[in-house]
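Trainee: The numbering used here puts the last residue of the sequence shown at 441; the count rises by one with no breaks.
All C-beta atoms, glycine included, are put in the ideal place defined by N, C-alpha and C.
Just so we're clear, the structure is a prediction, and the values are computed from it rather than from any experiment.
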Amino acid sequence: MNHTPALTALGGSAENGRNCYLLSSPASNILLDCGVKRVVTGEYVGEYPLLTREIAAGIDAVFLSHAHEDHCAALPLLYALGYDGCVYGSQETIDAAPAMIKKWITFVKKHHGTLPFTDEDAARIRYKPLSLGSGYLKDMRIMTGRSGHTIGSMWIALGYEHTGWQLFYSGDMCTCAASLAYDIPPACGFAVLNCAYAGQILDQDAQYHMLTALAEKTVRDSGVLLLPVPPTGRGCDMLLHLADTFPHAQIYAAQSIVSNARALFSKSEWLRGSPKDAAALDTVHTLNTAEEYAAACSDAPCILLVTDGMLTTEHGQLCLRLLGQSDKNHVVISGHAAPGTMGSNLLDNAWRKEHALAIQAGKMVIKVHLDDRDALAMQERLCAKHTVFFHAPARHCQRVIAAYAESGFSAGILSPGNTLYL
């Protein structure tokens, strides 16, 4: 392993998924996230970071920005390759990671894929809480802050003794989340910056206005609005918005979404001001069993939130089967949907026609990442010599890279397997 200061992309830059970066230096070797890429093509299920036994043996510590599968679900692979150190993250991230990893394992097995690790490897992960603020990660100076993506999600700045901050890693970041706060990072020499909405400039207020209008129309037409969402982050924000905006509507939501939305009110250190009134959730019907989901589908007009934004869960797919034959119903994909997943297929008119689906489907991005304008604003703060974009295909990054150049900044992508010397 090269011990001069260097950043190696093991996944994530120039693609969407398997985020994993290695910062190697004379002080220590820190791995930044270790996620999977959700792809399903026949027996081929999932892509993993370019980890080897040699790399695993040289890692001193792992920083986990948050507990989404594209950032954490390959952690068992790291232990299968011989890593025996700790994984550091916020307590909230540590609490959520095991369930996310288990969910990934279940997904792969359901699609008859092959896992490159065992359940025992997953059980051997050693988590250690990391607080917000300044400190040390092994021999490396660090600063962490809230990234505004989920409860517990953090960015990290790393540096060496007697030097300024050398590298900023954003994890997934959002500066305009409805409920969550983010902390302004320090100036850094280099940056690895989330830009999942590369090539776009999004208006969050406009998106919520569109969501409200669609909910009103669906209810007026006696239909069902099906919203597949993650159980945290935008899933909670959307539930709180709808419950507050439509206090007399029939709203159903998976138990995990409701529980996480309620938990926001006890996590004031992660919040941006005060969230909407918790009392609005009292009228939401919680769903646990298949029978409850089926009953909700027959209770039109209503709004129905199910877990997993890609619509891969059993309960979500049950709802789609029950609602798919009526054009009064709508399903909205509000985030990334990997190719081959039901969320992606629903946006393909040819696929919908082949499967005789009448339900109306559309894409409506509820912002939980940075877009081009956000990335430029972040650079004004970071003053980085060079920025590496991740979480988007290379072709989508060309406009923001050009915008950086026009502003006098250097930026690009770092394809998996490539190294940038700092």
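Any idea what DSSP makes of C255, helix, strand or coil?
Mentor: Helix, per DSSP.
Trainee: In the DSSP assignment, find the unbroken beta strand (DSSP E) run with M173 in it and report its ends.
Mentor: Where M173 is concerned, the enclosing beta strand (DSSP E) stretches over 173–178.
Trainee: Specify the secondary structure class of D224 as computed by DSSP and reduced to three states.
Mentor: D224 falls in the helix class under three-state DSSP.
Trainee: Under a three-way DSSP split, which group does G30 fall into?
Mentor: Strand, per DSSP.
Trainee: My output table needs one value for S84: the three-state DSSP class, helix, strand or coil.
Mentor: DSSP places S84 in coil when its eight states are reduced to three.
Trainee: What first and last residue would you give for the beta strand (DSSP E) that runs through A210?
Mentor: Here the beta strand (DSSP E) through A210 covers 209–213.
Trainee: Just tell me which of K147, N38, R37, C195 has its CA closest to the CA of V387.
Mentor: Nearest of K147, N38, R37, C195 to V387, Cα basis: C195.
Trainee: Could you tell me whether the Cβ atoms of L306 and A272 are closer together than 8 Å?
Mentor: Yes, Cβ-Cβ distance for L306 and A272 is below 8 Å.
Trainee: Just to confirm, are G36 and D89 a CB contact at a threshold of 8 Å?
Mentor: Yes. Within cutoff.
Trainee: Go through the stretch 327–415 residue by residue and report every complete run of the beta strand (DSSP E) that reaches 3 residues or more, in order.
Mentor: Runs found: 349–352, 379–382, 405–409.
Trainee: Based on the DSSP output, what are the partners of R49 in its beta bridges?
Mentor: For the sequence presented, residue 49 should be read as Ile rather than Arg. L42, A80, per the DSSP bridge assignment.
Trainee: According to DSSP, is L261 part of a helix, a strand, or is it coil?
Mentor: Reduced to three states, the DSSP call for L261 is helix.
Trainee: Going by Cα to Cα distance, which pick from R371, W370, V419 is closest to D391?
Mentor: Closest option to D391, Cα to Cα, is V419.
Trainee: Would you say I378 and V407 are within 8 Å of each other, going by their C-beta atoms?
Mentor: No, these two residues do not count as a Cβ contact at 8 Å.
Trainee: Based on DSSP bridge pairs, tell me the residues matched to K128.
Mentor: Paired residue(s): none; K128 is not in a bridge.
Trainee: For K128, which residues of its own chain have a beta-carbon under 8 Å away from its beta-carbon, when the five flanking residues on both sides are left out?
Mentor: Cβ neighbours of K128 beyond the five flanking positions: L134.
Trainee: CB-CB under 8 Å to A380, same chain, minus the five flanking residues each way: which ones, in chain order?
Mentor: Excluding sequence neighbours, A380 sits near H349, V350, V351, I352, L365, L366, R371.
Trainee: Starting from C195, trace the beta strand (DSSP E) both ways and give me its first and last residue.
Mentor: Taken as a continuous stretch (DSSP letters only), C195 belongs to no beta strand (DSSP E), as it is neither H nor E.
Trainee: Assess, as a yes-or-no matter, whether the stretch 109–117 is touched by the stretch 76–88 under the definition of 3 or more beta carbon pairs within less than 8 Å.
Mentor: Taking 8 Å as the limit for Cβ pairs, the verdict is that the stretch 109–117 does touch the stretch 76–88.
Trainee: Go to S278, then tell me how far its alpha helix (DSSP H) extends in each direction, as first and last residue.
Mentor: Here the alpha helix (DSSP H) through S278 covers 274–282.
Trainee: Would you check if the distance between the CB atom of L186 and the CB atom of C207 is smaller than 8 Å?
Mentor: Against a cut-off of 8 Å, the Cβ pair of C207 and L186 comes out as a contact.
Trainee: How many Å lie between I203 and A297 at the Cα?
Mentor: If I take the Cα positions, the gap works out to 28 Å.
Trainee: So which of G218, P68, W123 has the shortest CA-CA distance to R414?
Mentor: Taking only the C-alpha atoms, the option nearest R414 is G218.
Trainee: Just how far apart, CA to CA, sit V238 and L323?
Mentor: The alpha-carbon atoms of V238 and L323 are separated by roughly 11 Å.
Trainee: Identify the residues that DSSP records as bridge partners of E425: which are they?
Mentor: DSSP lists no partner for E425.
Trainee: Mind checking which residues open and close the alpha helix (DSSP H) that includes L245?
Mentor: Premise fails: L245 lies in the beta strand (DSSP E), 243–248, not in any alpha helix (DSSP H).
Trainee: Measure from the C-beta of A80 to each C-beta in chain C and report whether the shortest distance is under 8 Å.
Mentor: Absent here is chain C; the protein component of the structure consists of one chain.
Trainee: So, at 8 Å on beta carbons, what are the nonlocal neighbours of F136 in its own chain, with the 5 sequence-adjacent residues on each side left out?
Mentor: Correct list, in chain order: P95, L96, Y98, A99.
Trainee: Quick one: Cα of L433 to Cα of H405, how far?
Mentor: Approximately 11 Å, taken between the alpha carbons.
Trainee: Determine, using beta carbons only, whether K56 and G30 come nearer to each other than 8 Å.
Mentor: Yes, the Cβ-Cβ distance between K56 and G30 is below 8 Å.
Trainee: Out of G343, A357, R143, A197, state which residue places its alpha-carbon closest to the alpha-carbon of E457.
Mentor: Since the displayed the chain opens at 20 and closes at 441, residue 457 lies outside it and no answer follows.
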